[in-house]
Amino acid sequence: MPKVTEEHRKARRLEISQAALRCFARKGFQATSMAEIIAESGLSAGAIYGNFKNKEELIGEAVREVTAFHAGRVAAPREDGTLPPPREVVERFVGVLGEHFTDFGLLVQIWAEVVTDSSFQHTASTVAAGLRGVFEGYADTWLRRPGARVEGDIGVLARRYGAVMLGVCQGFIVQSALFRDFDAENYLLGLEILQLP
1 MPKVTEEHRK ARRLEISQAA LRCFARKGFQ ATSMAEIIAE SGLSAGAIYG
51 NFKNKEELIG EAVREVTAFH AGRVAAPRED GTLPPPREVV ERFVGVLGEH
101 FTDFGLLVQI WAEVVTDSSF QHTASTVAAG LRGVFEGYAD TWLRRPGARV
151 EGDIGVLARR YGAVMLGVCQ GFIVQSALFR DFDAENYLLG LEILQLP
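Per my numbering, numbering through the sequence shown is continuous, rising by one, with the last residue being 197.
So, in structure tokens, the structure goes:
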């Protein structure tokens, strides 16, 4: 029997997690069964359960895959080599999420699960820490750019600004999911208040 490569295993896990995301987006997290995920993926039950124990692990992996894949994109320099300002980084981030989560309500459902399901807290904490790391890394680079006038410990400031940038993104996600009259364009225009030294 041929040995399965790590690349093949990762590709299969990504295929399964993306199928799960499509199901969750259609029916919601709680209403989606593993049988529906199996049918959506077109794979056997053995292939699914050989990679994931349950829905919680599947959704955690799906969110991790999306954020890890795009983490470098959101804070990457522009084509001319300049670092994008904070507002642009946040716009990129919500844009990237919008490509994968057609309904931000799914993300809000996931966060609600964290409150009631302690087994899900570790996954959510890992994902949140990874996202915070993206914004903290960006803020650190921004604060160290040539010509920046920074007073205080850059590491401390980067952690502070990174947490706020993540919070602004979470605010966008929650408001767009909960309020029918949410004005996404105006929200993004309001990001001009994000001023880092």
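Every residue, glycine too, gets a C-beta built ideally from N, C-alpha and C.
- When DSSP states are grouped into helix, strand and coil, D140 belongs to the helix group.
- Judged by DSSP secondary structure, S41 falls within the alpha helix (DSSP H) whose first and last residues are M34 to S41.
- Distance check between R64 and each of H122, I154 and G155 places H122 closest, using alpha-carbon atoms only.
- Our two residues, S41 and N186, have alpha carbons roughly 38 Å apart in a direct line.
- C-alpha of R160 to C-alpha of F24: approximately 33 Å in a straight line.
- Only residues of its own chain outside the window of five on either side were considered, and among them V74, A75, F135, Y138 and M165 have a CB closer than 8 Å to the CB of V89, listed in chain order.
- Short of 7 Å from the beta carbon of R9, and not among the five residues preceding or following it, lies no beta carbon of its own chain.
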